[in-house]
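Mapped onto the numbering used here, the consecutive letters of the sequence shown carry residue numbers 1 to 155. C-beta: ideal position from N, C-alpha, C; glycine also. To start, the structure under review is shown below, and the notes come after it.
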Amino acid sequence: MEKILISACLLRQKVRYNGRDLPQSSPILECWEKEGRLVSFCPEVEAGLPTPRACVEIIPGTERLEDETGKDYSDAFQRGARLCLELCRRYGIKTAILAENSPSCGSTMVYDGSFTGRKIPGQGVTAALLASEGIRVYSQHKLDKISARLDEPGK
Ligand code: SF4
């Protein structure tokens with residue numbers, strides 16, 4: 001059975017920067033969880049960052065990730081992304097469900113670096129690395145797309 005990576009916060013783990021989770025109400029996810037198809041992972045926690053932790057955003061036009069005081073978190077976020085890729089390789093994972101808007105996990109949108117809540121098109125560090133290695137990255141809002149592909153024989 002093909003495994004799917006999922007952001008840990010989407011699977012009821014309270015690992016977000018604010019100490020909360022981002023639970024999803026989805027029969028599709030429930031089914032995949034019961035099947036044992038889902039592998040959950042939080043790149044930021046696995047990189048050694050605490051929970052709760054500072055709110056970090058990608059600084060546009062750079063590869064830097066900073067909190068509101070300008071403290072640099074780039075190394076930790078990149079380490080988390082590499083650990084996530086290693087996990088995907090270990091399980092032969094080709095598909096990831098990643099929490100939208102996160103500076104690690106956002107697959108199509110991220111916050112714009114102004115710490116005002118504004119979002120812009122873009123990818124978080126982990127999503128970008130996985131995508132560059134050929135792993136399909138989707139937000140939690142695109143489960144139907146993944147489901148349609150898994151319905152193909154042999155998946
Ligand atoms: Fe969720 Fe990803 Fe943020 Fe971890 S890094 S809390 S998995 S969005």
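In terms of alpha-carbon separation, which member of the options lies closest to residue i?
i	options	result
W32	T95, G134, G70	T95
L38	S74, N18, Y91, L65	Y91
S7	P23, N18, M1	P23
G113	K142, K71, I28	K71
E133	V125, S139, Q140	V125
S116	I58, T62, P27, S25	The residue asked about is misnamed: residue 116 is Thr in this sequence, not Ser. Residue I58 is the option with its Cα nearest to T116.
Y17	I4, R118, C105, E2	C105
I120	F77, L150, G61	G61
D75	I135, E46, T51, E2	E46
Look at the Cβ atom of residue i, then the Cβ atom of residue j, and state whether they are nearer than 8 Å.
i	j	result
L11	S40	yes
L85	L130	yes
D67	A54	yes
E100	S147	no
I28	L98	no
V56	P103	yes
At which residues does the alpha helix (DSSP H) containing residue i begin and terminate?
i	result
R186	Missing from the structure shown is residue 186; the chain here goes from 1 to 155 and no further.
T116	No alpha helix (DSSP H) holds T116; DSSP gives it neither H nor E.
I6	Element bounds for I6: not the alpha helix (DSSP H) but the beta strand (DSSP E), 4-7.
Between which two residues does the beta strand (DSSP E) carrying residue i extend?
i	result
R136	136-139
D75	Run containing D75: none in the beta strand (DSSP E); it sits in the alpha helix (DSSP H), 74-91.
L29	From DSSP, L29 is part of no beta strand (DSSP E) but of the alpha helix (DSSP H) over 27-35.
T95	95-98
Using the three-state DSSP reduction, which class does residue i fall into: helix, strand or coil?
i	result
A47	coil
I59	coil
V15	coil
P121	strand
S40	strand
L65	strand
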